[in-house]
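J.: Mind having a look at this structure? Questions to follow.
Numbering (full-length UniProt numbering), first residue to last: 1 to 149.
Written out as C-alpha coordinates, the structure reads:
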(Lines of atoms letter the chains of each structure in order from A and count residues from 1; the text may use other names and numbers.)
(Lines give C-alpha, C1' and ligand atoms only; values in the text may rest on other atoms or scores of the structure.)
Protein backbone atom coordinates (compact mmCIF):
# COMPACT_ATOMS: atom_id res chain seq x y z
CA UNK A 1 0.00 0.00 0.00
CA UNK A 2 2.91 2.34 0.64
CA UNK A 3 3.84 2.10 -3.02
CA UNK A 4 0.61 3.88 -3.93
CA UNK A 5 0.87 6.43 -1.13
CA UNK A 6 -1.48 4.77 1.35
CA UNK A 7 -0.79 3.65 4.90
CA UNK A 8 -1.73 0.83 7.25
CA UNK A 9 -5.35 1.98 7.69
CA UNK A 10 -5.95 1.87 3.95
CA UNK A 11 -4.48 -1.63 3.84
CA UNK A 12 -6.91 -2.77 6.55
CA UNK A 13 -9.85 -1.24 4.67
CA UNK A 14 -8.75 -2.75 1.35
CA UNK A 15 -8.33 -6.22 2.87
CA UNK A 16 -11.79 -5.95 4.46
CA UNK A 17 -13.43 -4.97 1.18
CA UNK A 18 -11.65 -7.77 -0.69
CA UNK A 19 -12.58 -10.32 2.03
CA UNK A 20 -8.90 -10.97 2.81
CA UNK A 21 -7.27 -11.45 6.20
CA UNK A 22 -6.01 -8.18 7.71
CA UNK A 23 -2.44 -7.16 6.88
CA UNK A 24 0.32 -7.80 9.41
CA UNK A 25 0.49 -5.32 12.27
CA UNK A 26 4.23 -4.89 11.91
CA UNK A 27 3.90 -2.89 8.71
CA UNK A 28 7.33 -1.26 9.06
CA UNK A 29 9.14 -4.59 9.20
CA UNK A 30 7.73 -5.64 5.84
CA UNK A 31 8.34 -2.20 4.34
CA UNK A 32 12.01 -2.47 5.34
CA UNK A 33 12.25 -5.89 3.69
CA UNK A 34 10.75 -4.46 0.49
CA UNK A 35 13.06 -1.43 0.66
CA UNK A 36 16.15 -3.61 0.93
CA UNK A 37 15.04 -5.78 -2.00
CA UNK A 38 14.32 -2.69 -4.11
CA UNK A 39 17.74 -1.19 -3.30
CA UNK A 40 19.56 -4.39 -4.23
CA UNK A 41 17.65 -4.67 -7.50
CA UNK A 42 18.32 -1.01 -8.29
CA UNK A 43 22.06 -1.32 -7.63
CA UNK A 44 22.31 -4.49 -9.75
CA UNK A 45 20.41 -2.83 -12.59
CA UNK A 46 22.60 0.29 -12.52
CA UNK A 47 25.79 -1.81 -12.38
CA UNK A 48 24.59 -3.70 -15.46
CA UNK A 49 23.81 -0.37 -17.17
CA UNK A 50 27.38 0.82 -16.49
CA UNK A 51 28.73 -2.44 -17.95
CA UNK A 52 26.58 -2.01 -21.08
CA UNK A 53 27.69 1.62 -21.47
CA UNK A 54 31.36 0.57 -21.29
CA UNK A 55 30.75 -2.13 -23.92
CA UNK A 56 28.92 0.41 -26.10
CA UNK A 57 31.90 2.74 -25.70
CA UNK A 58 34.24 -0.01 -26.97
CA UNK A 59 35.77 -0.59 -23.56
CA UNK A 60 36.44 3.09 -22.87
CA UNK A 61 35.95 4.13 -19.26
CA UNK A 62 34.85 7.69 -20.06
CA UNK A 63 31.07 7.59 -20.43
CA UNK A 64 29.00 10.47 -21.80
CA UNK A 65 26.06 11.10 -19.47
CA UNK A 66 23.05 13.36 -19.13
CA UNK A 67 22.23 14.59 -15.62
CA UNK A 68 18.72 15.70 -14.72
CA UNK A 69 17.09 16.64 -11.46
CA UNK A 70 13.60 17.22 -10.19
CA UNK A 71 11.90 18.24 -6.98
CA UNK A 72 8.79 16.63 -5.54
CA UNK A 73 6.68 19.78 -5.95
CA UNK A 74 7.01 22.32 -8.72
CA UNK A 75 6.69 25.94 -7.68
CA UNK A 76 6.52 25.15 -3.97
CA UNK A 77 9.25 24.83 -1.37
CA UNK A 78 9.81 21.11 -1.80
CA UNK A 79 11.71 19.03 0.73
CA UNK A 80 12.55 16.07 -1.52
CA UNK A 81 14.22 15.75 -4.89
CA UNK A 82 16.06 13.32 -7.13
CA UNK A 83 19.00 13.54 -9.52
CA UNK A 84 19.48 10.88 -12.19
CA UNK A 85 22.52 10.19 -14.34
CA UNK A 86 21.68 8.54 -17.65
CA UNK A 87 24.08 7.11 -20.22
CA UNK A 88 23.86 8.97 -23.52
CA UNK A 89 24.88 5.84 -25.45
CA UNK A 90 22.43 3.34 -23.94
CA UNK A 91 19.75 5.61 -22.46
CA UNK A 92 19.84 3.63 -19.21
CA UNK A 93 20.09 5.09 -15.71
CA UNK A 94 23.60 4.73 -14.31
CA UNK A 95 23.18 6.45 -10.96
CA UNK A 96 20.51 8.04 -8.77
CA UNK A 97 20.83 10.45 -5.87
CA UNK A 98 17.94 11.26 -3.56
CA UNK A 99 18.04 14.78 -2.13
CA UNK A 100 16.25 15.78 1.05
CA UNK A 101 16.02 19.04 2.96
CA UNK A 102 13.93 17.44 5.71
CA UNK A 103 15.58 16.72 9.06
CA UNK A 104 13.80 14.49 11.57
CA UNK A 105 16.53 14.61 14.23
CA UNK A 106 15.18 15.44 17.71
CA UNK A 107 17.99 17.94 18.34
CA UNK A 108 18.35 20.10 15.21
CA UNK A 109 21.81 21.37 16.19
CA UNK A 110 23.34 17.89 16.47
CA UNK A 111 22.32 15.71 13.58
CA UNK A 112 22.20 11.97 13.94
CA UNK A 113 24.46 9.82 11.79
CA UNK A 114 21.44 8.44 9.96
CA UNK A 115 19.88 11.86 9.28
CA UNK A 116 18.28 11.88 5.83
CA UNK A 117 19.00 15.57 5.12
CA UNK A 118 21.73 15.89 2.49
CA UNK A 119 20.84 19.19 0.83
CA UNK A 120 20.72 22.72 2.19
CA UNK A 121 19.44 25.55 0.04
CA UNK A 122 16.48 26.94 -1.83
CA UNK A 123 14.59 24.31 -3.84
CA UNK A 124 13.87 26.56 -6.80
CA UNK A 125 17.51 27.42 -7.34
CA UNK A 126 18.82 23.89 -7.08
CA UNK A 127 20.89 22.95 -10.07
CA UNK A 128 20.80 19.19 -10.51
CA UNK A 129 24.25 19.08 -12.01
CA UNK A 130 25.92 21.27 -9.41
CA UNK A 131 24.30 19.58 -6.45
CA UNK A 132 25.07 16.10 -7.71
CA UNK A 133 28.74 16.75 -8.33
CA UNK A 134 29.19 18.91 -5.23
CA UNK A 135 27.81 16.08 -3.09
CA UNK A 136 29.76 13.30 -4.77
CA UNK A 137 32.79 15.08 -6.13
CA UNK A 138 33.89 13.77 -9.52
CA UNK A 139 31.64 10.75 -9.35
CA UNK A 140 33.11 7.38 -10.22
CA UNK A 141 30.98 4.27 -10.47
CA UNK A 142 32.70 0.94 -11.11
CA UNK A 143 35.91 2.72 -12.20
CA UNK A 144 34.01 4.67 -14.85
CA UNK A 145 34.33 8.43 -15.28
CA UNK A 146 31.32 10.52 -16.21
CA UNK A 147 31.59 13.14 -18.93
CA UNK A 148 28.64 15.49 -19.06
CA UNK A 149 27.20 16.07 -22.52
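For glycine and all other residues, C-beta sits at the position ideal for the given N, C-alpha and C.
#1: Go ahead and label residue 16 buried or exposed: buried means 16 or more other beta carbons lie within 10 angstroms of its beta carbon, across all protein chains shown.
#2: Taking DSSP's pairing of strands, which residues face residue 97 in a bridge?
#3: Could you check if residue 44 belongs to the surroundings of the ligand SAH, using beta carbon to heavy atom distance under 8 Å?
#4: Give me the Cβ distance between residue 66 and residue 86, rounded to the nearest whole Å; I'm assuming they're in contact under 8 Å.
#5: For residue 95 and residue 8, what's the separation of their Cα atoms in angstroms?
#6: Report the rounded CA-to-CA distance for residue 36 versus residue 56, giving the unit in angstroms.
#7: Anyone know if the C-beta pair for residue 73 and residue 102 falls short of 9 Å?
#8: Please name the residue or residues paired with residue 70 in a DSSP beta bridge.
#9: Taking the alpha helix (DSSP H) that residue 120 belongs to, which residues open and close that run?
#10: Once the 5 residues before and after residue 92 are set aside, which same chain residues still bring their CB inside 6 Å of it?
#11: Select from 20, 97, 117 and 71 the residue whose C-alpha is nearest the C-alpha of residue 105.
#12: Could you give the first and the last residue of the continuous alpha helix (DSSP H) run that contains residue 28?
T.: This is what the structure holds:
#1: Stepping through the chain shown from its first residue, residue 16 is reached at position 16. Exposed is the call here.
#2: One-based indexing of the chain shown puts residue 97 at position 97. In the DSSP output, where bridge partners are listed per residue, residue 97 has 83.
#3: This structure lacks the ligand SAH, and indeed carries no ligand of any kind.
#4: As a first step, residue 66 is located in the chain shown; it is residue number 66 there, counting from the start. As a first step, residue 86 is located in the chain shown; it is residue number 86 there, counting from the start. Contact flag correct, Cβ pair sits at about 5 Å.
#5: For the purposes of this step, residue 95 is identified with residue 95 of the chain shown, where counting begins at 1. For the purposes of this step, residue 8 is identified with residue 8 of the chain shown, where counting begins at 1. Each residue's alpha carbon lies about 31 Å from the other.
#6: For this step, residue 36 is matched to residue 36 along the chain shown. For this step, residue 56 is matched to residue 56 along the chain shown. Looking at the two C-alpha atoms, the distance is approximately 30 Å.
#7: Here residue 73 refers to the residue found at position 73 when the chain shown is read from its first residue. Here residue 102 refers to the residue found at position 102 when the chain shown is read from its first residue. No, these two residues do not count as a Cβ contact at 9 Å.
#8: By 1-based counting over the chain shown, the position of residue 70 is 70. Paired residue(s): 82.
#9: Within the chain shown, numbered from 1, the residue matching residue 120 stands at position 120. Counting along the chain, residue 120 falls outside any alpha helix (DSSP H), and DSSP gives it neither H nor E.
#10: Within the chain shown, the letter at position 92 stands for residue 92. If we look at residue 92 and ignore the five residues flanking it on each side, its Cβ neighbours are 49.
#11: In the chain shown, the residue the question calls residue 105 occupies position 105. Minimum Cα distance to residue 105 is reached at 117.
#12: Your numbering for residue 28 matches position 28 in the chain shown. Start and end: 27-56.
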